[in-house]
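Quick note on numbering: UniProt numbering labels position 9 of the sequence shown as 9, and the sequence is numbered without any gaps.
The beta carbon of each residue, even a glycine, is placed where N, CA and C say it ideally should be.
Predicted, not measured: the structure shown is a model, and the values here were computed from it.
Presented below is the structure to which this report refers.
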Amino acid sequence: MSDNDFEFTCSDTYGMTDPGKRRPSNQDQFLIAEMTKSMLVSASSLAEIKVGRIFGGLQGQILLVADGMGGHQGGEQASRIAAEHLIARLLNSVHWFFQSDGQQAEQDFITSLQELFKDAHQRVLIKGRENRQHQGMGTTLTMAYVSWPNLYVVHAGDSRCYLIRNGQANQITTDHTLAHQLVEAGGLKPEEEASSRWSNVLWNVLGGQTERKLLAEVHKVALQPDDAILLCSDGLYRYLDLQELAARVEAEPDASIVCRSLIEHANDCGGDDNVTVVLCRPTPKQTPIDQDAPIETDPEWTPTCPQIPPLDRLKDVRR
């Protein structure tokens, strides 16, 4: 599809975060941002061109959710540091988002997104070493980049990205928890994962108490009209199954109402953790030609996990 076949617009996007009912502070962060081309005009003789910044059309949209962990407000610091560092790197590397022609250009773009996460990981580690009280702090980070008709998702931790399509919610990301590793290894049944004592032990986060190399999970999804994208922290999805999540999103066209309803539901169910949700319904002004676009996982990222260490050592990234 050429650039002339569509003009991207985001018709309805909203995000909210809430501390919940049990936690003294909110360690979650979220971001919704539009990526645009711009030109700063310092002088011109053209009657139609004014001095100042001129903005082009919307190129894409960034959605982000981070869930921090660590005592003495370390989790709040970790999620903030990671998100702010990622934003700064995005702004200084914005040319990546306009290189969309050709398979190699797309792969370079995906690799650049992974490098952004690795840079943010190192930033959190460095800041943790500078403050003994914050040493070992870490954060999940799930970012979606919407560039119609494609959705790119980069992820580390156990926050989630869902695609809601035709009345069904599809979990795009993988939970980087020991419980999920055990399910994949056959040590746990899938229905035992959520209630397992290892469901809160993360093996892959930004920062953390180990110097473990960060794995940045990447997915690519071909979007269709009427798709919805939802990012959230575990403070929400622990209280919802896929069927109920899809029903709530599709029953209400206003994203702000959906987000408020989901957070209210989490608090009504106990509100044991901070809860954050971002909902986006991306829409092209002209419907794309391909109406049967599939959901695809980018082949460059294989969801393989490192060898599971002894269980008595898996306490470094427990929530």
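Q. Helix, strand or coil for aspartate 290 per DSSP?
A. What you label residue 290 is simply residue 290 of the sequence shown in a count that begins at 1. Here the model assigns aspartate 290 a pLDDT of 48, short of 50, so the residue's position is not dependable and the matter cannot be decided.
Given aspartate 18, which residues of its chain have a CB within under 6 angstroms of its CB, disregarding the five upstream and five downstream residues? Taking the first residue of the sequence shown as position 1, residue 18 is located at position 18. Taken in chain order, the residues that qualify are Ile263 and Val275.
Three-way DSSP call (helix, strand, coil) for valine 249 in this model
Against the sequence shown, residue 249 aligns to sequence position 249. It is helical.
- Query: Mapping DSSP to helix, strand and coil, what is alanine 259?
  - Reply: Here residue 259 corresponds to residue number 259 of the sequence shown, with the count starting at 1. According to the sequence as given, residue 259 is cysteine; it is not alanine. Helix at cysteine 259.
Q. With 16 other CB atoms within 10 Å as the buried threshold, where does proline 24 fall?
A. As a position in the sequence shown, residue 24 is number 24, starting the count at 1. Flag for proline 24 reads exposed.
Requested in this report: Counting only the same chain and skipping the five closest in sequence on each side, list residues whose C-beta sits under 8 angstroms from that of alanine 246.
Outcome: Position 246 of the sequence shown holds residue 246. The residues are Ile164, Gly167, Gln168 and Ala169.
query = Looking only at C-alpha atoms, which of Leu240, Ala43 and His176 sits nearest to glycine 157?
reply = Position 157 of the sequence shown, counted from the start, is the residue given in the question as residue 157. Minimum Cα distance to glycine 157 is reached at His176.
In terms of residues, what are the limits of the beta strand (DSSP E) holding threonine 276? Residue mapping note: residue 276 aligns to position 276 of the sequence shown, counting from 1. 275–284 is the extent of the beta strand (DSSP E) around threonine 276.
| query | Where glycine 70 and arginine 129 are concerned, what is the direct C-alpha to C-alpha distance, given to the nearest angstrom? | reply | The sequence position of residue 70 within the sequence shown is 70, counting from 1. The sequence position of residue 129 within the sequence shown is 129, counting from 1. The straight-line gap from Cα to Cα measures roughly 13 angstroms.
Which same chain residues end up closer than 6 angstroms to glycine 15 when comparing Cβ atoms and leaving out the 5 residues on each side of it in sequence? In the sequence shown, residue 15 corresponds to position 15, counting from 1. Phe30, Ile32 and Val278.
As assigned by DSSP and simplified to three states, the class of histidine 176:
Against the sequence shown, residue 176 aligns to sequence position 176. Residue state, collapsed to three classes: coil.
| said: What does the alpha-carbon distance come out to for the pair valine 317 and lysine 50? | reply: One-based indexing of the sequence shown puts residue 317 at position 317. One-based indexing of the sequence shown puts residue 50 at position 50. Low confidence applies here, because valine 317 scores a pLDDT of 47, under 50, leaving its location unreliable; read the following figure in that light. Going by the C-alpha atoms only, they are around 53 angstroms apart.
Requested in this report: Please list, in chain order, all residues of the same chain as serine 42 whose beta carbon is under 8 angstroms from its beta carbon, the five residues on each side excluded.
Outcome: Position 42 of the sequence shown, counting from 1, holds the residue named residue 42. Around serine 42: Val51.
Using a Cβ-Cβ cutoff of less than 6 angstroms, which residues in the same chain neighbour tyrosine 152 once the five nearest sequence positions on both sides are dropped? Translated into the one-based positions of the sequence shown, residue 152 becomes position 152. Counting only Cβ-Cβ distances below 6 angstroms, and skipping sequence neighbours, we find Tyr145 and Lys220.
### Message
Once DSSP output is grouped into helix, strand and coil, what is the label at residue 359?
### Response
Any answer about residue 359 is impossible in this case: the structure gives the chain only from 1 up to 319.
Query - aspartate 12 - partner residues in DSSP beta bridges - result: In the sequence shown, residue 12 corresponds to position 12, counting from 1. Per DSSP, Arg281.
Item to check | Separation of glutamate 211 from glutamine 291, as counted between CA atoms | outcome: Residue mapping note: residue 291 aligns to position 291 of the sequence shown, counting from 1. Residue mapping note: residue 211 aligns to position 211 of the sequence shown, counting from 1. Here glutamine 291 scores only 45 on pLDDT, less than 50, and its place in the model should not be relied on; the value that follows carries that caveat. Answer to the nearest angstrom: the Cα atoms are 45 angstroms apart.
Practice prompt. Note the first and the last residue of the continuous alpha helix (DSSP H) segment covering arginine 80.
Written response: Position 80 of the sequence shown, counted from the first residue, corresponds to residue 80. Element bounds for arginine 80: 74–92.
Per-residue burial, leucine 125 [other beta carbons within 10 Å of its own, 16 or more giving buried]:
Against the sequence shown, residue 125 aligns to sequence position 125. Classification for leucine 125: buried.
(Q) Are the CB atoms of serine 38 and isoleucine 54 within a distance shorter than 9 angstroms? (A) Taking the sequence shown and counting its residues from 1, the one referred to as residue 54 is at position 54. Taking the sequence shown and counting its residues from 1, the one referred to as residue 38 is at position 38. Yes, they are a contact pair.
Exercise. With glutamine 61 as the anchor, note down where its alpha helix (DSSP H) starts and where it stops.
Key: For the purposes of this step, residue 61 is taken as residue 61 along the sequence shown, with counting starting at 1. First-last for glutamine 61: 52–69, but that is the beta strand (DSSP E), not the alpha helix (DSSP H).
Decide if the stretch 197–210 is in contact with the stretch 129–140; the criterion is three or more beta carbon pairs, one per stretch, under 8 angstroms apart.
yes
* To do: Would you kindly work out how many angstroms separate the C-alpha atoms of arginine 260 and serine 44, rounded to a whole number?
  => Locating residue 260 in the sequence shown gives position 260, where the first residue counts as 1. Locating residue 44 in the sequence shown gives position 44, where the first residue counts as 1. Cα-Cα distance, rounded: 47 angstroms.
- Straight-line gap, glutamate 244 to leucine 91 (C-alpha atoms, nearest Å): Residue numbering aside, residue 244 sits at position 244 when the sequence shown is read from its first letter. Residue numbering aside, residue 91 sits at position 91 when the sequence shown is read from its first letter. So the two alpha carbons sit approximately 37 angstroms from each other.
| Taking arginine 22 as the reference, which of Ala251, Cys280, Asp268 and Thr283 has the closest Cα? | Numbered from its first residue, the sequence shown carries residue 22 at position 22. Among Ala251, Cys280, Asp268 and Thr283, the Cα nearest to that of arginine 22 is on Asp268.
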